[in-house]
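Here's the structure we're looking at; comments come further down.
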Amino acid sequence: MKQEDNCIFCRIVRHEAKASVVMETQDLIAFDDIHPQAPVHVLIIPKKHITNLNSAGQDDLDLMGKLLLAAHEVARLKGIEESGYRTVINTNRGAGQSVFHLHLHVIGGRRMTWPP
Numbered sequence: 004m005k006q007e008d009n010c011i012f013c014r015i016v017r018h019e020a021k022a023s024v025v026m027e028t029q030d031l032i033a034f035d036d037i038h039p040q041a042p043v044h045v046l047i048i049p050k051k052h053i054t055n056l057n058s059a060g061q062d063d064l065d066l067m068g069k070l071l072l073a074a075h076e077v078a079r080l081k082g083i084e085e086s087g088y089r090t091v092i093n094t095n096r097g098a099g100q101s102v103f104h105l106h107l108h109v110i111g112g113r114r115m116t117w118p119p
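Using our numbering, read the sequence shown as starting at 4 and increasing by one per residue.
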């Protein structure tokens, strides 16, 4: 069994698992986080299974750029483009990664503090 077969995000990509989709392209899908940390909390994932940022390679360069540009589009669609938003990629358990399929968080709709 391939890793992608059990991955919840791969199942969302294949439309086998429910998700509140915000936007979808040929390469990416964005959906509302089921455990939001702010009024707006969207996850953007590549349709290609990449475990985390450490697993991305030179052949993923274009895809990684699309991921960042999609964050701006999600912020625009969700109405937080001007008020501000945070983008986060957690890599491995120590950083808080709980689903091992690369994903970018777009978080906003409230004042962000640092540290988070």
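Built from N, CA and C at the ideal position, the CB exists for glycine as well.
Here the structure is a predicted model, which means the values were calculated and not measured.
Asked	Found
Status (buried if at least 16 other CB within 10 Å, exposed otherwise) for H106	buried
Assigned secondary structure, V102 (DSSP; H/G/I helix, E/B strand, else coil)	coil
M115 - DSSP class collapsed to helix/strand/coil	coil
According to DSSP, residues forming a beta bridge with I48	I32
Where H108 falls: helix, strand or coil (DSSP)	strand
Closest residue to R14 among V25, R113, H75, I48 (Cα-Cα distance)	I48
Per DSSP, cross-strand counterpart(s) of R14	DSSP, once it has assigned bridges, lists no residue as partnering R14.
Extent of the continuous alpha helix (DSSP H) run through E76	64 to 80
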